[in-house]
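Encoded as structure tokens, the structure appears first; notes follow it.
Protein chains: 2
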Amino acid sequence: MSAARESCLARDARDIQRFAAETDVLVVGLGAAGAAATIEARAAGARVMAVERASGGGGTSAMSGGVLYLGGGTPVQKECGFEDSAEDMYKYLIASVGPTPDEAKIALYSEGSLEHFHWVTDCGVPFKAVFYPGYSGEPPNEDGLVYSGNEQVYPFCEIARPAPRGHVPRIPGQAGGLLMQHLLATTEKTGAELHFDTRCTALVQHADGSVAGAVLRSGDREISVRARRGVVLTTGGFINNRDMIERYAPLLLRCKFRVGAEGDDGSGIALGMAVGGAAIHMEQGSVSLPIHPPKEISKGILVNAQGQRFVAEDSYFGRLGEHILYHQQGHAYWVLDDATFVRPDVPREVAGVGNTWAELEAELMLPTGSLESSVALYNRHAANGRDPLFHKRAAYLTPLTRPPFGAFDCTTDNSLFAAFTLGGLSTDADGRVRDASDAAIPGLYAAGRATSGIAAPGYSSGLSLGDGTFFGRRAGRAAASA
Amino acid sequence: MSAARESCLARDARDIQRFAAETDVLVVGLGAAGAAATIEARAAGARVMAVERASGGGGTSAMSGGVLYLGGGTPVQKECGFEDSAEDMYKYLIASVGPTPDEAKIALYSEGSLEHFHWVTDCGVPFKAVFYPGYSGEPPNEDGLVYSGNEQVYPFCEIARPAPRGHVPRIPGQAGGLLMQHLLATTEKTGAELHFDTRCTALVQHADGSVAGAVLRSGDREISVRARRGVVLTTGGFINNRDMIERYAPLLLRCKFRVGAEGDDGSGIALGMAVGGAAIHMEQGSVSLPIHPPKEISKGILVNAQGQRFVAEDSYFGRLGEHILYHQQGHAYWVLDDATFVRPDVPREVAGVGNTWAELEAELMLPTGSLESSVALYNRHAANGRDPLFHKRAAYLTPLTRPPFGAFDCTTDNSLFAAFTLGGLSTDADGRVRDASDAAIPGLYAAGRATSGIAAPGYSSGLSLGDGTFFGRRAGRAAASA
Numbered sequence: 053m054s055a056a057r058e059s060c061l062a063r064d065a066r067d068i069q070r071f072a073a074e075t076d077v078l079v080v081g082l083g084a085a086g087a088a089a090t091i092e093a094r095a096a097g098a099r100v101m102a103v104e105r106a107s108g109g110g111g112t113s114a115m116s117g118g119v120l121y122l123g124g125g126t127p128v129q130k131e132c133g134f135e136d137s138a139e140d141m142y143k144y145l146i147a148s149v150g151p152t153p154d155e156a157k158i159a160l161y162s163e164g165s166l167e168h169f170h171w172v173t174d175c176g177v178p179f180k181a182v183f184y185p186g187y188s189g190e191p192p193n194e195d196g197l198v199y200s201g202n203e204q205v206y207p208f209c210e211i212a213r214p215a216p217r218g219h220v221p222r223i224p225g226q227a228g229g230l231l232m233q234h235l236l237a238t239t240e241k242t243g244a245e246l247h248f249d250t251r252c253t254a255l256v257q258h259a260d261g262s263v264a265g266a267v268l269r270s271g272d273r274e275i276s277v278r279a280r281r282g283v284v285l286t287t288g289g290f291i292n293n294r295d296m297i298e299r300y301a302p303l304l305l306r307c308k309f310r311v312g313a314e315g316d317d318g319s320g321i322a323l324g325m326a327v328g329g330a331a332i333h334m335e336q337g338s339v340s341l342p343i344h345p346p347k348e349i350s351k352g353i354l355v356n357a358q359g360q361r362f363v364a365e366d367s368y369f370g371r372l373g374e375h376i377l378y379h380q381q382g383h384a385y386w387v388l389d390d391a392t393f394v395r396p397d398v399p400r401e402v403a404g405v406g407n408t409w410a411e412l413e414a415e416l417m418l419p420t421g422s423l424e425s426s427v428a429l430y431n432r433h434a435a436n437g438r439d440p441l442f443h444k445r446a447a448y449l450t451p452l453t454r455p456p457f458g459a460f461d462c463t464t465d466n467s468l469f470a471a472f473t474l475g476g477l478s479t480d481a482d483g484r485v486r487d488a489s490d491a492a493i494p495g496l497y498a499a500g501r502a503t504s505g506i507a508a509p510g511y512s513s514g515l516s517l518g519d520g521t522f523f524g525r526r527a528g529r530a531a532a533s534a
Numbered sequence: 053m054s055a056a057r058e059s060c061l062a063r064d065a066r067d068i069q070r071f072a073a074e075t076d077v078l079v080v081g082l083g084a085a086g087a088a089a090t091i092e093a094r095a096a097g098a099r100v101m102a103v104e105r106a107s108g109g110g111g112t113s114a115m116s117g118g119v120l121y122l123g124g125g126t127p128v129q130k131e132c133g134f135e136d137s138a139e140d141m142y143k144y145l146i147a148s149v150g151p152t153p154d155e156a157k158i159a160l161y162s163e164g165s166l167e168h169f170h171w172v173t174d175c176g177v178p179f180k181a182v183f184y185p186g187y188s189g190e191p192p193n194e195d196g197l198v199y200s201g202n203e204q205v206y207p208f209c210e211i212a213r214p215a216p217r218g219h220v221p222r223i224p225g226q227a228g229g230l231l232m233q234h235l236l237a238t239t240e241k242t243g244a245e246l247h248f249d250t251r252c253t254a255l256v257q258h259a260d261g262s263v264a265g266a267v268l269r270s271g272d273r274e275i276s277v278r279a280r281r282g283v284v285l286t287t288g289g290f291i292n293n294r295d296m297i298e299r300y301a302p303l304l305l306r307c308k309f310r311v312g313a314e315g316d317d318g319s320g321i322a323l324g325m326a327v328g329g330a331a332i333h334m335e336q337g338s339v340s341l342p343i344h345p346p347k348e349i350s351k352g353i354l355v356n357a358q359g360q361r362f363v364a365e366d367s368y369f370g371r372l373g374e375h376i377l378y379h380q381q382g383h384a385y386w387v388l389d390d391a392t393f394v395r396p397d398v399p400r401e402v403a404g405v406g407n408t409w410a411e412l413e414a415e416l417m418l419p420t421g422s423l424e425s426s427v428a429l430y431n432r433h434a435a436n437g438r439d440p441l442f443h444k445r446a447a448y449l450t451p452l453t454r455p456p457f458g459a460f461d462c463t464t465d466n467s468l469f470a471a472f473t474l475g476g477l478s479t480d481a482d483g484r485v486r487d488a489s490d491a492a493i494p495g496l497y498a499a500g501r502a503t504s505g506i507a508a509p510g511y512s513s514g515l516s517l518g519d520g521t522f523f524g525r526r527a528g529r530a531a532a533s534a
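So the protein lines, in turn, are chains A and B.
Following the working numbering, the numbering of the first sequence begins with 53 at its first residue and continues without gaps.
Following the working numbering, the numbering of the second sequence begins with 53 at its first residue and continues without gaps.
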């Protein structure tokens, strides 16, 4: 029988004669969440060992766009002339992230956002207080503030006063590298014991279910480490584990671009589950249709396999992607006329061109009359600056009347969709991993994409690094003072 | 620390001095899956103890419509004049149940369906070989065969030759009671040791992760039972556990009617998770819009909040419900003209009436021109007996032109949707519960709605009782011969 359990990710503490090493807090994974947990656990006076399976820290955070979702009136927001409040941030997040948002976490995150901004800058991360008007996505320059979600989009714009909350470190392009450079430098300064090329292969559990430490492997060598106050799992998501994706989030297989470092294979989620941790929202993902900028493309309409519109085209590209993959069976075309035609930055195939809507419809193999009918209804209202179906903003409403008409292929099968997982361990606001009965497992903490976080479904850019660092800090502090 | 773990659902075998009782196979829960497991474990020569928390067996199975999804040319199908094959049944199921169907299970289930039919009738369950032509749902009379899924609906009708596979025990109305009466009588005859008013409060686990037995409670008395060959969890789903629904399947909260006995509170899923079992498809549910019969209502059209059609109206009512809840934000109206008007058997509010489409549109507060536009396109094709958008069958295609026009409210907020959960423990084809790494946990089996089964998403009526009894039998046999 024990043969079948050789792969067991949980070891019984009674089977360990003597731990080879001891620490107060053991942090597993050194991306943004792990760095934040390490820094704060050290600040709280704990001895900390942090291990990373790669040869250096950074993980997916370092590969990312570096956007941090922060608000409540940060200095960057103020200098750029935007008013914001913790209340508006809270209302936006509650409205946007799924049918049962984690109100306690979102309240803490919104109220603590300003303080968290200062913590990030105190770590040395620089932000240029210039607003980048290209919506939803990382600026191609050093600009430090963007709209990174659906704040201006109906119905969210009516629920909470819109403000841009995407804070981007000062470097053109993938700013996650710069963010991690500073977070890792700060981590090193804390005097935490850091081990690279070291992976956690099992958690060590007492008979009462509490976590006592972990088994670590580096090369051929395996040692057990006692963590007197707690283990913090900050190992990332599971987009690069095909088996787990098939089992839990199979629709994500249809997205060609999987966003994540090699380490995003769900190892920490599996470790947590092996000691009874509950994994939640495992089917959910951030799914982007990266068709930005230019934002002028929003003057076109997005239609499904029935030639029908299905979402406000000025939505954040993550919302577009979610709608197409989850609700339109991965089938969508972006339709423009000659007056509105622009090429998206991310190249996309032209799926069809026609001098009449009937011609385009036929080229796209849409049902006869379907696109024509959708465009007629759209044009009728757009001429009055209205979109009663989906409430696209007036700036993007203009009748599509000048031939030729054309369509970009936005099907998941033929175009680029970017995805990562949003499911993971269930945690409370202090990062304690919860079991199936919602009780905390003593000694076990988690943060970042190894947890489900606050953002599923209804993702806005910056929520992964934002909640990963914010709740990573809280997990580090909670573990240190356990 | 141990205080926090008092609710712990897993006990360490080393902490148990002496088991109060012993058996070969312990079955937890006596619905259809539990009865099937018990009967087969006994037939395989094992000593079996079966426990049920209620005062009698039956569970949700006994409250259900009693439909068993069976095919491949059963005597009932043949007598009713339908041809069917295991291959067509396999192809239909593969096409209908989700993006990553469990091919191994579906193959066994399709190939073994005929033998399983005989097993069910050998247990004494009677079927009247008369086909009931009212589609998707239980007959109001003794008729024994119905279409209980989307077999005749596009695209499934083109993928596999349609055949009705819903086998209903011979009694008018809720035939689950009759089914369970016979399954329980057969269970009793096997000589298995049956205990009612007895619940399982924890599993007992060896240090190697294998399951040694369970802790049972009856009244104030708690005893530990050693299960030499295995424990089989057949405890049902979790529709009646509000916390679990909020955490895993929050959209189901919008359905007013929750289908399940009191015991469907996820207790067995939580027990399995506590020893490292992985729960999969936890977000999924069977969601029905019970608007049947008369099937003539399919001559109307179903539209969303944008006045657009979104599904073939002649689909199985479970498919309609899934589309409305998961893809249309719970918003739908069933629209008819005076010529097609019929009242559904399940009463529904009339949401609006109008002498023109514009009037009805206004009463329903749909965007101006939206319904008018959808109806115009629908009528244009219906006049030719075609539905290029959703391929509704020609029998239900007739232009909607005779005023007054009316609509039934089919929103989840204002009308009746029936839901139960389809997520649960991950099992292999022999019912072995798998952990996060997909390895079987020795000594632990599960079947029925405590597992995710083969039916998520894309439910057809009869798959719960069908796969519950089929894989319940396999789990019982596998445990008995462990």
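Built from N, CA and C at the ideal position, the CB exists for glycine as well.
Note that this is a predicted model, so its numbers are computed, not measured.
### Query
If you draw a straight line from the C-alpha of Ser422/A to the C-alpha of Ser426/B, how long is it?
9 Å
### Message
Assuming Lys308/B is part of the alpha helix (DSSP H), what are its boundary residues?
### Response
Lys308/B -> no alpha helix (DSSP H), and no H or E assigned at all.
### Ala62/B versus Ala322/A, Gly328/A, Ala237/A, Pro216/A, residue with shortest Cα-Cα distance
Gly328/A
### Message
Just to confirm before moving on: does the CB-CB distance between Gln360/B and Gln204/A stay below 8 Å?
### Response
no
#### Entry: Inter-residue spacing [alpha-carbon to alpha-carbon] between Ser504/B and Arg454/B
46 Å
### Query
Among the residues of its own chain, which have a CB less than 7 Å from the CB of Ala194/B, if the five just before and after it don't count?
Correcting the residue type first, residue 194/B is Glu in the shown sequence and not Ala. For Glu194/B, where only same-chain residues beyond five positions count, the Cβ hits under 7 Å are Lys180, Arg222, Ile223, Pro224.
### Task
Have a look at the DSSP bridge pairing and note the partners of Val405/B.
Gly458/B
### Message
If we define contact as Cβ-Cβ less than 8 Å, is Met325/A a contact residue for chain B?
### Response
yes
### Query
DSSP three-state call for Phe522/A: helix, strand or coil?
helix
### Message
Any C-beta of chain A within less than 9 Å: which residues of the segment 402–421 of chain B qualify?
### Response
Leu418, Pro419, Thr420, Gly421
### Query
What whole-angstrom Cβ distance do Gly320/A and Ala502/A have, given they're in contact under 8 Å?
4 Å
### Task
Flag this pair as yes or no: are the beta carbons of Leu197/B and Leu517/B separated by less than 8 Å?
no
### Query
If we cut at 8 Å on Cβ distances, does Ile349/B have a partner in chain A?
no
### CB of Ala215/B within 8 Å of CB of Gly123/B, strictly
yes
### Task
Please report how far the alpha carbon of Ala56/A lies from the alpha carbon of Ala114/B, in whole angstroms.
Note that Ala56/A scores a pLDDT of 33, beneath 50, so its modelled location is shaky; the value from the coordinates is reported in the next line. Rounded to the nearest angstrom, the two C-alpha atoms are 37 Å apart.
### Query
Expressed to the nearest angstrom, what Euclidean distance is found between the alpha-carbon atoms of Arg371/B and Ile353/B?
15 Å
### Query
Whose Cβ in chain B lies nearer than 9 Å to the Cβ of Cys60/A?
Asp260, Gly261, Gly328, Asp487, Ser489, Ala491
### Task
Anything in chain B within Cβ reach of Tyr300/A, meaning under 7 Å, just list it in chain order.
Ile332
### Query
Among Tyr161/B, Pro419/B, Val100/B, Asp389/B, which residue has its Cα nearest to the Cα of Asn431/B?
Asp389/B
### Message
Let me check one thing: in DSSP terms, what residues is Lys180/B bridge-paired to?
### Response
Asp195/B
### Query
Would you say Arg432/A reaches chain B, if we count a Cβ-Cβ gap shorter than 8 Å as a contact?
yes
### Message
Tell me the DSSP secondary structure of Ala215/B in three-state form.
### Response
coil
#### Entry: Sheet register partners of Cys252/A (DSSP bridge)
Leu268/A
### Query
Any heavy atom of the ligand SAM closer than 7 Å to the Cβ of Ala84/B?
Looking at this structure, you won't find the ligand SAM or any other ligand, since it has none at all.
#### Entry: Identity of the residue in Val177/A, Ala264/A, Leu304/A nearest Ala531/A by Cα
Ala264/A
### Inter-residue spacing [alpha-carbon to alpha-carbon] between Gln129/B and Asn466/B
39 Å
#### Entry: Euclidean distance between Cα positions of Arg525/A and Ser162/A
15 Å
### Task
Have a look at Leu452/A and Gly437/A and give me their C-alpha separation to the nearest angstrom.
13 Å
### Task
Using a cut-off of 7 Å between C-beta atoms, extract the partners of Pro151/B located in chain A.
Pro302, Leu303
### Message
Between Asp136/A, Cys462/A, Asp519/A, Ser367/A, which has its C-alpha nearest Arg611/A's C-alpha?
### Response
Outside the displayed range of chain A (53 to 534) lies residue 611/A, so it cannot be described from this structure.
### Query
Just curious, the beta strand (DSSP E) that Thr473/B is in, first and last residue?
470–473
### Query
So what's His168/B in DSSP terms, helix, strand or just coil?
helix
### Query
In whole angstroms, what is the alpha-carbon distance linking Ala470/B and Ser338/B?
8 Å
### Query
Can you tell me whether DSSP reads Asp439/A as helix, strand or coil?
coil
### Message
List, in chain order, every chain B residue whose beta-carbon is nearer than 7 Å to that of Gln360/A.
### Response
Gln360
### Task
Decide if Asp316/B is buried, meaning its Cβ has at least 16 other Cβ atoms within 10 Å, or exposed.
buried
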